[in-house]
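Engineer:
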Ligand SMILES: Nc1nc2c(ncn2[C@@H]2O[C@H](COP(=O)(O)OP(=O)(O)OP(=O)(O)O)[C@@H](O)[C@H]2O)c(=O)[nH]1
Ligand SMILES: [Mg+2]
């Protein structure tokens with residue numbers, strides 16, 4: 020069942036959204052949230068004693084028409100910008116609070132920069148504490164605010180007198196109706212911003228549901244720890260719901276999980292829907308110049324991890340993280356040193372390690388399929404693609420470009436051209452994709468080699484010698500003969516007429532096959548065969564029997580077990596086939 024929490028005239032006005040405060044310390048964010056919602060989000064004793072916010076605060080905000088927003092109140096202190104980022108990552112719109120008497124201050128600007136880097140473009144500016152200053156001062160602050168945030172509505176308010184609060188609610192309702200929750204369609208993901216224990220109830224984690232939905236009974240995973248969990252129940256603003264939808268503030272109870280097992284920065288996700296990665300390829304956005312190999316802190320979701328910024332091309336970077344994170348294509352990240360120096364948009368949340376500007380350019384243009392050349396598993400593209408890759412070839416689990424396949428064909432053809440005319444084939448590629456991809460090529464597979472279709476070995480001018488040796492082998496039957504002429508031996512071997520044994524001996528392929536059949540039949544009947552028995556059965560000498568058995572061992576047909584030979588499992592299952 021889908022829980023419809025917000026009644027309203029259109030789908031959009033029902034969509035759950037989260038608004039986050041922003042602004043300099045002491046500028047009146049928490050007071051304004053309390054005036055709007057009736058809830059004091061400074062709940063820690065330390066916050067109440069010092070009169071500043073330290074941690075994130077949460078409250079539901081009722082708007083006219085029955086619409087409800089979730090509010091995340093963030094601290095303004097410069098030492099808590101990290102916490103502000105964790106609070107701001109999941110929000111859909113902002114409420115930038117500026118003290119009308121003070122005007123914009125450093126964290127007004129830094130928070131605003133962070134919002135922009137996170138791609139949160141819609142919001143309202145509240146000029147607050149207007150009860151405390153002259154109208155001229157407010158005018159001045161408003162002008163400054165307009166320059167800072169040209170596109171936002173600016174509302175004059177006082178948390179003390181209640182002035183402007185209705186106008187602020189209306190302004191929030193207007194922006195909310197123009198915003199859509201960004202990642203609604205993706206698999207379930209919630210970046211945890213708080214975890215606590217309730218006696219007799221287990222551990223509860225809260226966060227903004229970025230995408231998907233969560234309901235009681237769902238099986239999810241805590242990443243990057245990789246712990247499987249089962250959801251007991253879900254609440255939205257202290258009310259139990261059957262399923263919470265993306266964009267909502269949710270509290271999820273997780274039985275069997277200790278409080279220490281999960282904390283801010285972890286992500287609660289649909290199992291294996293998101294990569295857990297030590298590397299992120301991003302489009303870089305710089306507020307201050309970021310040098311190659313700079314050590315910075317990367318904020319991803321509610322997590323923050325030290326990292327090295329490896330610059331790629333003019334505006335890309337690979338973030339090499341000290342600890343793994345959960346991220347997806349399109350996620351925004353923040354880069355901080357002492358202050359916020361930039362941000363990035365994730366192109367590939369689990370990229371290869373090497374610097375590849377061309378690949379990143381293709382990803383930036385949304386041409387993920389064009390990054391595919393040699394075979395990669397289709398599965399590995401899931402994190403950089405929407406849906407199925409177009410314009411690529413497929414074979415089994417592999418995708419690759421048709422150009423690559425052409426190159427492979429040309430390469431094999433060239434190597435066959437250069438191959439020994441006695442045996443004009445080339446070995447199968449040793450790569451894991453070979454069994455799936457090789458059948459697409461116009462070559463003939465014989466054993467472990469590829470040949471031009473119908474290719475026959477050629478032996479310039481010595482065909483008569485070869486025919487003589489062939490006759491000799493045929494009349495020798497299961498007796499091995501010494502072949503001194505290696506060229507002739509390889510020629511007949513390539514034609515499937517001769518089987519090489521040890522010490523320069525060889526035997527006719529037909530005789531070898533008979534000997535092998537005898538051995539396989541005997542082993543199937545008796546479980547194994549001794550040298551003497553094999554010798555008697557095939558009617559040859561002891562040395563030749565020994566050489567044939569060694570060749571069968573080398574072919575993987577048999578193995579030694581004490582003084583007997585037994586079939587290897589693969590040979591025991593297989594029917595008799597020609598030697599390759
Ligand atoms: N006169 C007047 N004073 C206000 C108003 N709003 C807040 N204040 C004063 O400003 C102080 C700080 O307000 P808070 O809401 O705690 O400020 P904040 O922005 O949440 O501060 P941090 O969370 O620490 O960044 C309060 O203790 C009040 O004294 C207002 O509308 N009018
Ligand atoms: Mg506060």
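Numbering (my numbering), first residue to last: 20 to 599. Each residue gets a CB set at the ideal place from its N, CA and C atoms; glycine is no exception.
#1: How about residue 521 and residue 478: are their beta carbons less than 8 Å apart?
#2: Tell me the rounded alpha-carbon separation between residue 317 and residue 346.
#3: Unbroken beta strand (DSSP E) runs of length 3 or more, entirely within the segment 160–202: which are they?
#4: Of all the CB atoms in chain D, is at least one closer than 8 Å to the CB of residue 459?
#5: Taking 8 Å as the cut-off, decide whether the C-beta atoms of residue 206 and residue 258 are in contact.
#6: Residue 358 and residue 105 - do their beta-carbons sit closer together than 8 Å?
#7: Based on Cα-Cα distance, which residue from 467, 196 and 272 lies nearest to residue 84?
#8: Whole beta strand (DSSP E) runs in the segment 435–522 with 3 or more residues, listed along the chain?
#9: Would you identify the three-state DSSP class for residue 292, choosing helix, strand or coil?
#10: Given this structure, state the Cα-to-Cα distance separating residue 413 from residue 388, to the nearest angstrom.
#11: Any idea what DSSP makes of residue 599, helix, strand or coil?
#12: For the beta strand (DSSP E) containing residue 79, name the first residue and the last one.
#13: Between 500, 580, 113 and 532, which lies nearest to residue 560 when the distance is taken from Cα to Cα?
#14: Residues in its own chain within less than 6 Å of residue 254 by CB, not counting five upstream and five downstream?
#15: What ranges does the beta strand (DSSP E) occupy inside the segment 259–315, keeping only unbroken runs of at least 3 residues that lie completely in it?
#16: Quick one: what's residue 532 bridged to in DSSP?
#17: Please state if the CB of residue 157 and the CB of residue 175 are separated by a distance shorter than 8 Å.
#18: Go to residue 577, then tell me how far its beta strand (DSSP E) extends in each direction, as first and last residue.
#19: Could you pull out every residue in the same chain whose Cβ sits closer than 7 Å to the Cβ of residue 47, ignoring the five residues on either side in sequence?
#20: Evaluate residue 436 with the Cβ neighbour count: other Cβ atoms within 10 Å of its Cβ, from every protein chain shown; 16 or more gives buried, anything less gives exposed.
#21: Within this structure, are the beta carbons of residue 400 and residue 418 separated by less than 8 Å?
#22: Quick one: grab the DSSP three-state call for residue 403.
#23: Among the candidates 180, 581, 246 and 450, whose CA atom is the shortest distance from the CA of residue 279?
#24: Between the Cα of residue 125 and the Cα atoms of 78, 45 and 59, which residue gives the shortest distance?
#25: Mind reading off the beta-carbon distance from residue 225 to residue 212? Whole number of angstroms is fine, and I expect it under 8 Å.
#26: Is residue 511 near residue 489, with beta carbons less than 8 Å apart?
#27: Determine, using beta carbons only, whether residue 517 and residue 527 come nearer to each other than 8 Å.
#28: Can you name the start and end residues of the alpha helix (DSSP H) that residue 354 belongs to?
#29: Any chance you could list the residues with Cβ under 5 Å from a heavy atom of ligand 3, keeping chain order?
#30: Considering only their Cβ atoms, is the gap separating residue 221 from residue 303 smaller than 8 Å?
#31: At a cut-off of 7 Å, is residue 70 close to ligand 1 when judged by its beta-carbon and the heavy atoms of the ligand?
#32: Is it buried or exposed, residue 353, if we count other Cβ atoms within 10 angstroms and call 16 or more buried?
#33: Would the segment 87–94 and the segment 330–338 be scored as touching if the rule is three or more Cβ pairs under 8 Å?
Structural biologist: Short version:
#1: Contact annotation: residue 521 and residue 478 have beta-carbon atoms that are not nearer than 8 Å.
#2: Between residue 317 and residue 346, the C-alpha separation is close to 12 Å.
#3: Counting only runs of 3 or more, we get 172–175.
#4: Looking at the structure shown, chain D is missing, and only one protein chain is on hand.
#5: Not a contact, by the Cβ cut-off of 8 Å.
#6: Contact annotation: residue 105 and residue 358 have beta-carbon atoms that are not nearer than 8 Å.
#7: Considering only alpha carbons, the answer is 196.
#8: Listed in chain order, the complete beta strand (DSSP E) runs (minimum 3 residues) inside the segment 435–522 are 444–446, 463–465, 468–470 and 517–519.
#9: It is coil, neither helix nor strand.
#10: Inter-residue distance for residue 413 and residue 388 is about 12 Å (C-alpha atoms, whole angstroms).
#11: Model confidence at residue 599 stands at a pLDDT of 38, short of 50, so the residue's coordinates are unreliable; what they give is reported in the following sentence. Of the three classes helix, strand and coil, the one that applies to residue 599 here is coil, per DSSP.
#12: Segment 76–81, the beta strand (DSSP E) holding residue 79.
#13: Sorting 500, 580, 113 and 532 by C-alpha distance to the C-alpha of residue 560 places 500 at the top.
#14: Counting only Cβ-Cβ distances below 6 Å, and skipping sequence neighbours, we find 270.
#15: Counting only runs of 3+ residues, the beta strand (DSSP E) found wholly inside the segment 259–315 occupies 262–264, 268–273, 286–288 and 295–305, in chain order.
#16: Here residue 532 is not bridged, per DSSP, to any residue.
#17: Cβ atoms of residue 175 and residue 157: closer than 8 Å.
#18: Here the beta strand (DSSP E) through residue 577 covers 577–580.
#19: Taken in chain order, the residues that qualify are 116, 118, 147, 148 and 178.
#20: Of the residues assessed, residue 436 falls on the exposed side of the cut-off, its CB having fewer than 16 other CB atoms within 10 angstroms.
#21: At the C-beta level, residue 400 and residue 418 come within 8 Å of one another.
#22: Residue state, collapsed to three classes: helix.
#23: Closest option to residue 279, Cα to Cα, is 246.
#24: Closest in alpha carbon position to residue 125, among 78, 45 and 59, is 45.
#25: Your pair residue 225 and residue 212 checks out as a contact, with CB atoms roughly 6 Å apart and the cut at 8 Å.
#26: In this structure, residue 511 lies near residue 489, with their beta-carbon atoms less than 8 Å apart.
#27: Going by C-beta atoms, residue 517 is nearer than 8 Å to residue 527.
#28: Here residue 354 belongs to no alpha helix (DSSP H); instead the beta strand (DSSP E) covers 351–355.
#29: Of the ligands one can find in the structure shown, namely ligand 1 and ligand 2, none is ligand 3.
#30: Cβ atoms of residue 303 and residue 221: not closer than 8 Å.
#31: Taken from the Cβ of residue 70, at least one heavy atom of ligand 1 lies inside 7 Å.
#32: Residue burial is scored here from C-beta neighbours: residue 353 has at least 16 other C-beta atoms within 10 angstroms and is therefore classed as buried.
#33: Too few Cβ pairs lie closer than 8 Å, so no.
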